[in-house]
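J.: Residue numbering for the sequence shown is -11 to 238, as defined by the numbering used here.
Glycine residues also receive a C-beta, built at the ideal position from the N, C-alpha and C atoms.
First the structure, then my questions, so here it is.
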Amino acid sequence: MSKRFENKVVVVTGAAQGIGEAYAKALGAEGASVVVADLNVESGERVAQEIESAGGTALFVRTDVASHESAAAMVEAAVAAYGGIDGLVNNAAIYGDMAFDLLISVDWDYYKKFMSVNMDGALVMTRAVYPEIRKRGGGSIVNQSSTAAYLYSGFYGLAKVGVNGLTHQLAHELGGLQIRVNAIAPGPTDTAATRTQAGDAAKDLVKGLALKRMGQPEDMVGACLFLLSDESSWVTGQIIAVDGGQTFRA
Ligand SMILES: NC(=O)c1ccc[n+]([C@@H]2O[C@H](COP(=O)([O-])OP(=O)(O)OC[C@H]3O[C@@H](n4cnc5c(N)ncnc54)[C@H](O)[C@@H]3O)[C@@H](O)[C@H]2O)c1
């Protein structure tokens, strides 16, 4: 039986660990050629090697999603290796080692750097990648939002509101090229980054979830693969919460 992503090339940013790693590995297992695009060289190379050891195809390219030059170099490397790009997952973010501060007091340079990665990074990467997706006759972009966009969560949540806005706007700008743009909004998910951020508070978060357990990175995979695949061929501009019932919108 053929795999769901055979002959497809998918770039996953922030794939050196956590949820991005789960996306990259699932795509590799489903036959995609995966570009692991991350700042972290050691972990990124490990993920690419593990995908290959499991029988998949993957390449690590050191990438800073906040840099147009770095994004362009990633696209060049991906096209040189695999001949094109069909999908992009904008998952990278400053999260695990994020500073705790308020919007009204956060150091301005830190705030600008944070937004350049967590919000603008998705746009920088989309601008670099979409011409290649266009050459393939269309494809899919998945942005990583968060339920933090719907909750009080300071500049982290504000960046995710921006990601949701980008998802709506880019869905329209790119829809005519048959490029779909959607987002996943995970609830609290058990990654090393969350353990650093939430610590014991994670236990309280879980009490508020309908399903009474933390998400695992693998819980996000079904939605991501659905949105990347032709199974969602008439779905665009949507933000899908995968959050154990943390948030409800009537
Ligand atoms: N874990 C959760 O509970 C949770 C919940 C909702 C949303 N999210 C979102 O999911 C995504 C992944 O979360 P995670 O818990 O796996 O985080 P993580 O911190 O484990 O992984 C983030 C990855 O992004 C990379 N990265 C950071 N800045 C980068 C840059 N400028 N360029 C390229 N790569 C960069 C890091 O090196 C890291 O590998 C993030 O967008 C996060 O905001 C996470």
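Would you say THR1 and ALA80 are within 7 Å of each other, going by their C-beta atoms?
T.: Here residue 1 corresponds to residue number 13 of the sequence shown, with the count starting at 1. Here residue 80 corresponds to residue number 92 of the sequence shown, with the count starting at 1. Cβ atoms of THR1 and ALA80: closer than 7 Å.
J.: For the beta strand (DSSP E) holding THR1, just list the boundary residues, first then last.
T.: For this step, residue 1 is matched to residue 13 along the sequence shown. Segment -3 to 1, the beta strand (DSSP E) holding THR1.
J.: Would you call the segment 22 to 41 and the segment 94 to 104 in contact, with 3 or more CB pairs under 8 Å?
T.: No: fewer than three Cβ pairs fall under 8 Å.
J.: Could you check whether GLY203 and GLY232 sit closer than 7 Å to each other, using their CB atoms as the reference points?
T.: Taking the sequence shown and counting its residues from 1, one reaches residue 232 at position 244. Taking the sequence shown and counting its residues from 1, one reaches residue 203 at position 215. Going by C-beta atoms, GLY232 is nearer than 7 Å to GLY203.
J.: Nearest by alpha-carbon distance to GLU120: which of SER141, LEU76, LEU139, GLY142 is it?
T.: Translated into the one-based positions of the sequence shown, residue 120 becomes position 132. Comparing Cα-Cα distances from GLU120 to each of SER141, LEU76, LEU139, GLY142, the minimum goes to LEU76.
J.: Would you report the Cα separation of MET247 and VAL149, rounded to the nearest angstrom?
T.: Because residue 247 is not part of the residues shown, which for the chain are -11 to 238, the question remains open.
J.: What number of angstroms, rounded off, separates the C-alpha of PHE(-7) from the C-alpha of THR45?
T.: For this step, residue -7 is matched to residue 5 along the sequence shown. For this step, residue 45 is matched to residue 57 along the sequence shown. One C-alpha to the other measures close to 11 Å.
J.: Report the rounded CA-to-CA distance for VAL35 versus ALA65, giving the unit in angstroms.
T.: If you number the sequence shown from 1, residue 35 lands on position 47. If you number the sequence shown from 1, residue 65 lands on position 77. Between VAL35 and ALA65, the C-alpha separation is close to 17 Å.
J.: Taking DSSP as the reference, what is the three-state secondary structure of SER128?
T.: Here residue 128 is taken as the residue at index 140 of the sequence shown, counted from 1. DSSP places SER128 in strand when its eight states are reduced to three.
J.: DSSP state of ALA4, grouped into three classes?
T.: In the sequence shown, the residue the question calls residue 4 occupies position 16. Note: ALA4 maps to coil in three-state DSSP.
J.: Would you mind giving the Cβ-Cβ distance between GLY84 and ALA180, rounded to the nearest angstrom? I have them listed as a contact below 8 Å.
T.: As a working mapping, residue 84 is identified with position 96 in the sequence shown. As a working mapping, residue 180 is identified with position 192 in the sequence shown. Right, the Cβ-Cβ distance comes to about 6 Å (below 8 Å), so this counts as a contact.
J.: Name the residue from LEU154, GLY72, ASP192 whose alpha carbon lies nearest to the alpha carbon of ARG122.
T.: In the sequence shown, residue 122 corresponds to position 134, counting from 1. Of LEU154, GLY72, ASP192, the residue nearest in Cα terms is GLY72.
J.: Whether or not the segment 205 to 223 and the segment 127 to 134 are in contact is what I'm after, with contact meaning three or more pairs of Cβ atoms, one per stretch, closer than 8 Å; do they touch?
T.: As far as the Cβ criterion goes, the segment 127 to 134 touches the segment 205 to 223, which means the pair count is three or higher.
J.: Between TYR252 and ligand 1, is the CB less than 6 Å from at least one heavy atom?
T.: In this structure the chain extends from -11 to 238, so residue 252 is not present and cannot be described.
J.: Pull up the DSSP beta-bridge partners for GLY75, would you.
T.: Taking the sequence shown and counting its residues from 1, one reaches residue 75 at position 87. Paired residue(s): VAL(-2), SER128.
J.: Look at GLY142 and LEU91 and say whether their C-beta atoms are less than 7 Å apart.
T.: Here residue 142 refers to the residue found at position 154 when the sequence shown is read from its first residue. Here residue 91 refers to the residue found at position 103 when the sequence shown is read from its first residue. Their beta carbons are under 7 Å apart, which means GLY142 touches LEU91 by this criterion.
J.: Report the residue from VAL(-1), THR184, LYS(-9), LEU146 whose alpha carbon sits nearest the alpha carbon of PHE48.
T.: If you number the sequence shown from 1, residue 48 lands on position 60. Of the candidates VAL(-1), THR184, LYS(-9), LEU146, the one whose C-alpha sits nearest the C-alpha of PHE48 is VAL(-1).
J.: Can you tell me where the alpha helix (DSSP H) holding ARG183 begins and where it ends?
T.: As a working mapping, residue 183 is identified with position 195 in the sequence shown. Per DSSP, ARG183 belongs to the alpha helix (DSSP H) from 180 to 186.
J.: DSSP three-state label for ALA25, please.
T.: In the sequence shown, counting from the first residue as 1, residue 25 sits at position 37. Strand, per DSSP.
J.: To which residues of the same chain is ALA20 closer than 6 Å at the C-beta, ignoring the five residues directly before and after it?
T.: By one-based count along the sequence shown, residue 20 stands at place 32. Only PHE(-7), LYS(-4), VAL(-2) meet the Cβ criterion.
J.: Consider the C-beta atom of THR179 and the heavy atoms of ligand 1; say whether any pair is separated by less than 6 Å.
T.: If you number the sequence shown from 1, residue 179 lands on position 191. Checking the Cβ of THR179 against ligand 1 gives yes.
J.: From the DSSP output, in three-state form, read off VAL169 for me.
T.: Walking along the sequence shown from the start, residue 169 turns up at place 181. In the structure shown, VAL169 sits in a strand (DSSP, three-state: E or B).
J.: Cβ atoms of ILE228 and ALA211: under 7 Å apart, would you say?
T.: The sequence position of residue 211 within the sequence shown is 223, counting from 1. The sequence position of residue 228 within the sequence shown is 240, counting from 1. In this structure, ILE228 lies closer than 7 Å to ALA211 by Cβ.
J.: Any idea if ASP188 is buried or exposed, counting beta-carbon neighbours within 10 angstroms, 16 or more meaning buried?
T.: To locate residue 188, count along the sequence shown from 1; it is residue 200. When all chains shown are included, ASP188 counts as exposed.
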